[in-house]
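> Residues in the sequence shown are numbered from 1 upward in steps of one, following full-length UniProt numbering.
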Amino acid sequence: FLLGTLRSRSTGVRWVAAEFIARTYYLHRGMSFIYGAPDAPEYWLALEFHGPMVREREYETLELLNSAEATTAKERKRLAPRVFDVVVWSPMEERDLPEGHIAVVVQVEDDVEAAGGEDRLRELRKLRLQPRLLYIAEQNFDNTHWGGKNYSRVLRFQWRNGREAVLQDPLGLPIIGRVRPGRPKQNTDVEDDL
1 FLLGTLRSRS
11 TGVRWVAAEF
21 IARTYYLHRG
31 MSFIYGAPDA
41 PEYWLALEFH
51 GPMVREREYE
61 TLELLNSAEA
71 TTAKERKRLA
81 PRVFDVVVWS
91 PMEERDLPEG
101 HIAVVVQVED
111 DVEAAGGEDR
121 LRELRKLRLQ
131 PRLLYIAEQN
141 FDNTHWGGKN
151 YSRVLRFQWR
161 NGREAVLQDP
171 LGLPIIGRVR
181 PGRPKQNTDV
191 EDDL
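1. Please return the same chain residues whose Cβ sits closer than 6 angstroms to the Cβ of residue 44, not counting the five positions on each side in sequence.
2. Give every residue of the same chain whose Cβ lies closer than 7 angstroms to the Cβ of residue 109, excluding the five residues on either side of it in the sequence, and list them in chain order.
3. From the DSSP output, read off the bridge partner residues of residue 147.
4. DSSP three-state call for residue 196: helix, strand or coil?
5. Report the partner residues of residue 61 according to the DSSP bridge assignment.
6. Is there contact here, the stretch 55-72 with the stretch 169-186, by at least three beta-carbon pairs under 8 angstroms?
7. Where does residue 24 land, buried or exposed, given buried means 16+ other C-beta within 10 angstroms?
8. According to DSSP, simplified to helix, strand and coil, what is residue 119?
9. Which residues in the same chain as residue 173 place their Cβ atom closer than 6 angstroms to its Cβ, once the five residues preceding and following it in sequence are excluded?
10. Rounded to whole angstroms, what is the Cα-Cα separation between residue 138 and residue 126?
11. If we ignore side chains and look at the alpha-carbon of each, how far apart do residue 95 and residue 31 end up?
12. Would you kindly work out how many angstroms separate the C-alpha atoms of residue 162 and residue 103, rounded to a whole number?
13. Starting from residue 73, follow the alpha helix (DSSP H) in both directions and report where the run begins and ends.
14. Does the count of Cβ pairs from the stretch 63-70 and the stretch 149-167 closer than 8 angstroms reach three?
15. Could you check if residue 121 is buried or exposed, using at least 16 other CB atoms within 10 Å of its CB as the buried criterion?
16. Between residue 18 and residue 150, what straight-line distance do the alpha-carbon atoms span, to the nearest angstrom?
17. Buried or exposed: residue 145, going by 16 or more other Cβ atoms within 10 Å of its Cβ?
18. Since I believe residue 105 is in contact with residue 81 (beta carbons under 8 angstroms), could you give me their beta-carbon distance rounded to a whole number of angstroms?
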């Protein structure tokens with residue numbers, strides 16, 4: 001997909017899941033997202049975040065494993081899903097996804113039904129333990145029309161046993177976890193970098 005008036009910027013190979021994420025990050029966050037290594041056996045091992053121009057700045061990639069444990073409200077806040085998190089699935093040869101699959105979170109909202117009602121949701125929210133619905137956008141998965149929505153599917157997030165951050169695919173497909181950009185890395189190769 002080519003971007004810009006001169007079409008001098010590409011986000012990758014059209015229709016590949018990583019290209020959709022790269023385009024989303026470039027257009028909505030002003031960042032470059034790269035599936036970093038052509039020889040990596042799966043997405044989880046090679047995801048990178050950069051400034052608008054790849055050589056300009058690199059960001060830490062925060063890896064949030066599915067079923068990661070949190071014991072404090074601060075840890076639960078860090079592990080809670082956010083808009084623009086990238087969800088990463090395990091490789092699935094049987095679905096013709098040998099590298100796995102990735103999608104971007106476009107909306108997060110509390111799951112009132114899973115919480116057991118509004119009152120219980122308020123209690124859980126105070127502890128940062130509320131279940132959530134994650135609306136994701138993706139390409140090259142099942143090619144189902146989105147029907148005018150800005151998302152393709154909805155995933156469920158919950159705190160199992162009040163400690164484990166668990167993201168579930170309604171189709172039962174194995175999710176490794178989520179990634180998001182962290183702090184800028186120190187780049188010693190670029191002079192006058194702020």
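Heads up, the beta-carbon is just placed ideally off N, CA and C, and yes, glycines get one too.
With the given structure in hand:
1. If we look at residue 44 and ignore the five residues flanking it on each side, its Cβ neighbours are 88 and 176.
2. Counting only Cβ-Cβ distances below 7 angstroms, and skipping sequence neighbours, we find 132 and 133.
3. Looking at the DSSP assignment, residue 147 forms no beta bridge with any residue, so it has no partner.
4. The question about residue 196 has no answer here: the residues shown for the chain are numbered 1 through 194.
5. DSSP lists 181 as partners of residue 61.
6. Because the criterion of three Cβ pairs below 8 angstroms is met, the stretch 55-72 and the stretch 169-186 touch.
7. Classification of residue 24: buried, given that the 10 Å Cβ count is 16 or more.
8. Helix at residue 119.
9. Excluding positions up to five away in sequence, the list reads 89.
10. Whole-angstrom Cα-Cα distance: 32 angstroms.
11. Computed Cα separation, rounded: 30 angstroms.
12. Residue 162 and residue 103 have their alpha carbons spaced roughly 26 angstroms apart.
13. Going by DSSP, residue 73 is part of the alpha helix (DSSP H) stretching over 73-79.
14. Taking one beta carbon from each stretch, the stretch 63-70 and the stretch 149-167 have 3 or more pairs nearer than 8 angstroms; the two touch.
15. The C-beta of residue 121 has 16 or more other C-beta atoms within 10 Å across all chains shown, which makes the residue buried.
16. Between the alpha carbons of residue 18 and residue 150 lies a distance of about 18 angstroms.
17. With fewer than 16 neighbouring CB atoms inside 10 Å of its own CB, residue 145 falls in the exposed class.
18. Their Cβ separation, rounded to whole angstroms, is 6 angstroms, which keeps residue 81 and residue 105 in contact under 8 angstroms.
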